[in-house]
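Beneath this line is the structure, given in structure tokens, with notes to follow.
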Amino acid sequence: MPDSVHPEVTWAQRSSDSEPERNYLYVNLKTPDVPKADAKLSLTSNNVSFTGPSGKGVTYSVSLDLYGEIDPENSKVNHTDREVELVLRKKELKMEYWPRLLKDSKKVHFLKTDFDKWVDEDEQDEAAEDDYANNFGGMGGPGGDEGGLSNIDFSKLGGMGGAGGMPDLSALAGAAGGAGAGEDEEGDEEEELPELEEADQKGAKIQEVS
């Protein structure tokens, strides 16, 4: 029998009291070399469970009893060769963060904060446009052929930042254009410099002759 171990689990969160799509948890299960077809993922309103063999003699298995309730219907997942990325919609709309991921306050060795995705509660509006949660493909559902696993739906990338993201892109484009224009002007000046030097050399020769 393959050894069963807990995968490393990292997490972060966002919150909103008015926008469900901005009220979610990032939960990543580090499960390298687990084939998508062999993975078993179960989501309920208060639990996330995963089991999958890695092909290297190790079976990853974990069951997470959550601090609060989630909405499985609107939660999403992306299974890669290295990990299973979950975006879990928190059911209750509120601005306050969950104090922890799990119902039990006891510290577990395999659970860590994902500092790459974490932002403080009072700074999350500033990071909203950079979040990728809403670009994930939908869950196949608990009874889906692939156990509810699906990849990122790249067709949704255009709506990532919404209308609010466009000025930033325009500003970047404008800045790039401005830099290009400055380079052209400098280039023109550089092209004129040899002519001035040549004129100075001719003037010096004339003075020497005279």
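First residue of the sequence shown? That's 2 in my numbering, and the numbers climb one at a time after it. By construction, the Cβ of each residue, glycine as well, lies at the ideal position given by its N, Cα and C atoms.
(1) Is proline 8 buried or exposed, if buried means 16 or more other CB atoms sit within 10 Å of its CB?
(2) Can you tell me where the beta strand (DSSP E) with leucine 65 in it begins and where it stops?
(3) Taking just the CA atoms, how far does valine 28 sit from tryptophan 99?
(4) Let me confirm a value: valine 85 is counted as buried when at least 16 other C-beta atoms fall within 10 Å, else exposed. Which label applies?
(5) At which residues does the beta strand (DSSP E) containing tyrosine 25 begin and terminate?
(6) What's the gap between the Cα of arginine 90 and the Cα of tryptophan 119?
(7) Counting only the same chain and skipping the five closest in sequence on each side, list residues whose C-beta sits under 6 Å from that of glutamine 125.
(8) Expressed to the nearest angstrom, what Euclidean distance is found between the alpha-carbon atoms of asparagine 75 and histidine 110?
(9) Classify glutamate 9 as helix, strand or coil using the three-state DSSP reduction.
Let me lay it out:
(1) By the 10 Å Cβ count, proline 8 comes out buried.
(2) 59-66
(3) Tryptophan 99 and valine 28 have their C-alpha atoms spaced approximately 13 Å apart.
(4) buried
(5) Counted as a single uninterrupted DSSP element, the beta strand (DSSP E) harbouring tyrosine 25 occupies residues 25-31.
(6) 16 Å
(7) Arg15
(8) 29 Å
(9) strand
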